[in-house]
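Take the sequence shown: its letter number 56 is residue 56 in UniProt numbering, and every next letter is one higher. Backbone N, C-alpha and C fix where the C-beta goes; we use that ideal spot for every residue, glycine too. One structure below.
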Amino acid sequence: NNIWDPTPTAYTSSSSRTTPPPLDRPVEPHRTNATLLTPHGSSLVAYPPDTDVDASPSKTGRPRPTATTGTLLEKAVAHLIATDPRFEPLIREHPCPLFTPEGLAEEIDPFRSLVSSIIGQQVSGAAAKSIRDKFVALFNNTKNQVADGNNENGDDNGTMNRKGTSFFPTPEQIIKMDISTLRTAGLSQRKAEYIHGLSEKFANGELSARMLLNASDEELVEKLTAVRGLGKWSVEMFACFALKRIDVFSTGDLGVQRGCAVFVGKDFKYMPEKDMLELAAKFAPYRSLFMWYMWRVTDVNIAVLGG
């Protein structure tokens, strides 16, 4: 069952390093809004601060930016409330941190996020952290070094972090290690194979931080679901929470299904996919924010939201 808990997880706490808010930069709903780190430490953004926002899309090959990191959430909130005023008290009660300037300032290593996603499948959060720590420790040369998966100062570039205690391996380092050794971290045979295969795709350039920045939403899902171990739901969660794409909507998440049913006042437990898509379409191109509030709506009395 696909049930997402919209609280800090491996997509953020273990795969990012918090930095001061950067210069306000252009963003676009159908591209990656996060700053991405390559496995070797470089930082990339889809639209640098000096982007010519008036340039023709036919010349750039990308959609023209429609907001900035400072205005994206403001525009999205305004759209949700204009479409359905019941969102106003819900948003006031539960402000979303994901697309704030501070949230968009996080530097995300997409390779590490995806590896962590595979490790975390069908195990508890505590078990996932333990396995991830042991996995990273396999690549530390000093005896008894243990990686801290929640270390916000960790660099994800295959070198020691600022505390000198751990690093996250590069794709090249992972593919040099055999499956049986990877399994000693607590990985199943299948998960070890999945991580090995993912690493090969990053190492040969089939997947890259730059591709994940600039791919359309459709191309992103197509490329990532082609990786063994990454299903559509996992990719949708990665696109929303790691890449900070703001027009993601997952019909396969049970929490979103329940939230949509509650929001429209239906008495069935889950909402049919067709009805969910029709409901969410009204909130495009900010369906990630709509989805985030569908996780929250079951925590409030929807009957009083109309004021």
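Distance CB(residue i)-CB(residue j) smaller than 8 Å
i: L36; j: A209; result: yes
i: V235; j: K201; result: no
i: R112; j: P63; result: no
i: R25; j: T69; result: yes
i: T100; j: L80; result: no
i: F249; j: R287; result: yes
i: H40; j: T170; result: yes
i: I118; j: L198; result: yes
DSSP three-state assignment for residue i, whether helix, strand or coil
i: N153; result: Annotation note: pLDDT 34 at N153 (below 50); position unreliable, coordinate value reported separately. Of the three classes helix, strand and coil, the one that applies to N153 here is coil, per DSSP.
i: H79; result: helix
i: P63; result: coil
i: W292; result: helix
i: D42; result: Rather than Asp, the amino acid found at residue 42 in this sequence is Ser. DSSP places S42 in coil when its eight states are reduced to three.
i: P26; result: strand
i: T69; result: coil
i: F241; result: helix
i: I131; result: helix
i: E106; result: coil
i: A185; result: coil
i: L230; result: coil
i: L114; result: helix
i: residue 343; result: A query on residue 343 cannot be resolved here, the shown segment of the chain reaching from 1 to 307 and no further.
i: D247; result: coil
Opening and closing residue of the beta strand (DSSP E) in which residue i lies
i: T35; result: 35–37
Residue i - containing alpha helix (DSSP H), residue span
i: K176; result: Taken as a continuous stretch (DSSP letters only), K176 belongs to no alpha helix (DSSP H), as it is neither H nor E.
i: K274; result: 273–281
i: T225; result: 217–225
i: Q121; result: Looking at the DSSP string, Q121 is not in any alpha helix (DSSP H), and its letter there is neither H nor E.
i: K201; result: 189–203
i: I91; result: 87–93
i: R210; result: 209–214
i: C260; result: 254–263
Contact belief for residue i with residue j at Cβ below 8 Å, rounded distance in angstroms
i: I246; j: P97; result: That pair is no contact at about 13 Å.
i: N214; j: A67; result: At roughly 17 Å, the Cβ-Cβ gap does not stay under 8 Å, so N214 and A67 are not in contact.
i: A185; j: L114; result: With 8 Å as the limit, A185 and L114 do not qualify as a contact, their Cβ atoms being about 16 Å apart.
i: V27; j: P89; result: That pair is no contact at about 27 Å.
i: A126; j: G120; result: No, A126 and G120 are not in contact; Cβ-Cβ is about 11 Å, not under 8 Å.
i: Q257; j: M271; result: 5 Å
i: W233; j: D253; result: 6 Å
Please determine if the segment 242–249 and the segment 100–109 are in contact, where contact requires at least 3 C-beta pairs separated by less than 8 Å. Touching, yes, given that three or more Cβ pairs across the two stretches are closer than 8 Å.
Would you check if the segment 175–183 and the segment 191–200 touch, i.e. whether three or more CB-CB distances between them fall below 8 Å? Flag = yes, the segment 191–200 and the segment 175–183 touch.
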